[in-house]
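Inspection log for the structure reproduced underneath, given as structure tokens.
There are 2 protein chains.
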Amino acid sequence: MKRIIEGDMEKVSEFTVRRLSGYFRILADLEQNDVVTVSSARLGELGGVTSAQVRKDLSYFGNFGTRGLGYKVSDLKNTIMKILGLKKEWKMALFGAGSLGRALFFHDGFKEDGFFFTRIFDTDPAKIGASWGNIRIQPVSEAEESLQNDPVNIGVVTTPKSAAQATVDLMVRVGVKGVLNFAPVRVEIPSEIWLRNVNLAVALESLSFYMSSQ
Amino acid sequence: MKRIIEGDMEKVSEFTVRRLSGYFRILADLEQNDVVTVSSARLGELGGVTSAQVRKDLSYFGNFGTRGLGYKVSDLKNTIMKILGLKKEWKMALFGAGSLGRALFFHDGFKEDGFFFTRIFDTDPAKIGASWGNIRIQPVSEAEESLQNDPVNIGVVTTPKSAAQATVDLMVRVGVKGVLNFAPVRVEIPSEIWLRNVNLAVALESLSFYMSSQ
DNA sequence: TAGATTGTTAATCGATTAACAATC
DNA sequence: TAGATTGTTAATCGATTAACAATC
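Respectively, the protein sequence lines represent chains G and R. Those letters in the first sequence? Residues 871 to 1084, per our numbering, in order. Those letters in the second sequence? Residues 871 to 1084, per our numbering, in order.
In structure tokens:
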């Protein structure tokens, strides 16, 4: 029996983490539909993976099932939320108040998971001063002081490519622990800060690759 | 020597395809900076992979380098564009004129790659009739006829979860070859249609997982 | 030519799956 | 109890890397 998220944690791959995100969403749906228990076979079927994969993924964190019965939907959902760190609230600062930034700001999925934007920064005078929800768009020149006084956990980059590195550098200076970068450039970042890059074009390019090859 | 995209194409993994997207962007940058040749070592360094990985990825499609010299930046960029199917123009229909749809519609990266939205559909009467760029937002009720008359290659789903499957079914009926789904549900689709799911929350959940585990 | 770098093979690494004893 | 399903080990599969002959 292993404990959740501890020193003895075996190397958990990004593959496993991403599948846990999937299981979490499926379990939330099942819970909503008043399903009480689920087997690894059923969960795998709904998630498009084998039952062995489901059990293996969960086994990195503990024994959550009952032999002969399966898993309690509600309990497993909560367990996975805990594993993924979704029981906390995460504060985020948005850099870049363009249409992508706006879409992320208003994205319901983030709020449901406990991710909240508490600050928005942009350089465009036409945008500064406006408000999204109850957050005012501030000039980037105020960002460093503002974030020193009231820190966030995560920085989200939706600036143009040319501004991405400077934005990340600023985020690192004010002590963010994680960066989600939507600008299509590789940014340098100290190894103790977590970084995830999201490139919206990659999925489309993969589609066109396979569509071209028949 | 292998030919590009042909019957004898070895199984090319999604990993390789996604890295090709990365090489393409790096090569475009290098070209812009008037760099003429690049070695697999340098390309790997810029892309965060080993030189062997770069050469292996390219070797699925042919011999594009010169021993002792490396690769011609411009030529390799064009070759990869051809491989990824970015030399064509791809027409896309957008279903869901919310803030995410809007962000994708105006996303420059898509246009640069040859992906164009030619149609926008929504069910919200408040949105129907408005225009983005020079495309008018049409009611979904008109979608099937409209797309029969003037087809698109790719359908993009930014509807709510509850509408995603019906939207995909419609897309399949009008003959799209690929679907890019942003709704956080698994949709069923015939196996001859290519499908890519993008879930914006997954990258954030991965961040919070690793941030929680220190 | 000598040095550099490719293209490819073989070795390694890591992720997935099959199988089954444990057990509810 | 008998049937179902977990948790885990060992086997398999596939992706990455190291190494090097070929060659510019």
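The beta-carbon is built from N, C-alpha and C at its ideal position, and this holds for glycine as well.
| Query | Result |
| --- | --- |
| Among the residues of its own chain, which have a CB less than 7 angstroms from the CB of L928 (chain G), if the five just before and after it don't count? | F934 |
| Are there three or more Cβ pairs, one per stretch, closer than 8 angstroms when the stretch 1023-1030 of chain G is compared with the stretch 1041-1049 of chain G? | yes |
| Enumerate, from N- to C-terminal direction, the unbroken alpha helix (DSSP H) stretches of 4 or more residues contained entirely within the stretch 938-986 of chain G. | 943-954, 969-975 and 978-983 |
| Could you check whether V887 (chain G) and F885 (chain R) sit closer than 8 angstroms to each other, using their CB atoms as the reference points? | no |
| Please list, in chain order, all residues of the same chain as P1009 (chain G) whose beta carbon is under 6 angstroms from its beta carbon, the five residues on each side excluded. | I998 |
| Is S1001 (chain G) helix, strand or coil when you go by DSSP? | strand |
| Quick one: which chain G residues come within Cβ less than 7 angstroms of L954 (chain R)? | E1075, S1078 and F1079 |
| Taking V1038 (chain R) as part of the alpha helix (DSSP H), name the residues at either end of that continuous run. | K1031 to R1043 |
| For V882 (chain G), collect the residues of the same chain with a Cβ closer than 6 angstroms to its Cβ; drop the 5 residues on either side in sequence, then sort them by chain order. | Y930 |
| Taking T988 (chain G) as the reference, give the member of G:D994, G:S1001, G:A996 and G:K1031 with the closest Cα. | G:S1001 |
| Out of G:F975, G:T936 and G:V1068, which has the shortest C-alpha to C-alpha gap to R1006 (chain G)? | G:F975 |
| Counting only beta-carbon separations shorter than 8 angstroms, does I1005 (chain R) have a partner in chain G? | no |
| Can you tell me whether I1059 (chain R) is helix, strand or coil according to DSSP? | coil |
| Within this structure, are the beta carbons of R895 (chain R) and P1054 (chain G) separated by less than 8 angstroms? | yes |
| Taking Cβ positions, are V811 (chain G) and I1059 (chain G) nearer each other than 8 angstroms? | As shown, chain G starts at 871 and ends at 1084. That puts residue 811 (chain G) outside it, with no answer to give. |
| Does DSSP put S1076 (chain G) in a helix, in a strand, or in coil? | helix |
| Would you mind working out which of G:E1075, G:N903, G:D983 and G:V908 sits nearest K957 (chain G), comparing C-alpha positions? | G:D983 |
| Using DSSP with H/G/I as helix, E/B as strand and the rest coil, what is F894 (chain G)? | helix |
| Distance, Cα to Cα, F965 (chain R) vs S1061 (chain R)? | 21 angstroms |
| Whose Cβ in chain G lies nearer than 8 angstroms to the Cβ of D994 (chain R)? | Simply none; closest approach about 15 angstroms. |
| Which residues, in chain order, does the stretch 1051-1064 of chain R contribute to contact with chain G at a C-beta distance below 7 angstroms? | P1054, R1056 and W1064 |
| Just verifying my parser: in three-state terms, what is the DSSP assignment at V1049 (chain R)? | strand |
| DSSP has V1026 (chain R) in a bridge; who is on the other side? | R:L964 and R:L1050 |
| At a Cβ cut of 9 angstroms, what residues of the stretch 908-935 of chain G count as close to chain R, listed as they run along the chain? | L916, G917 and G918 |
| In chain R, which residues lie less than 8 angstroms from L1070 (chain G) when you measure between Cβ atoms? | L974, H977, G979, F980 and V1068 |
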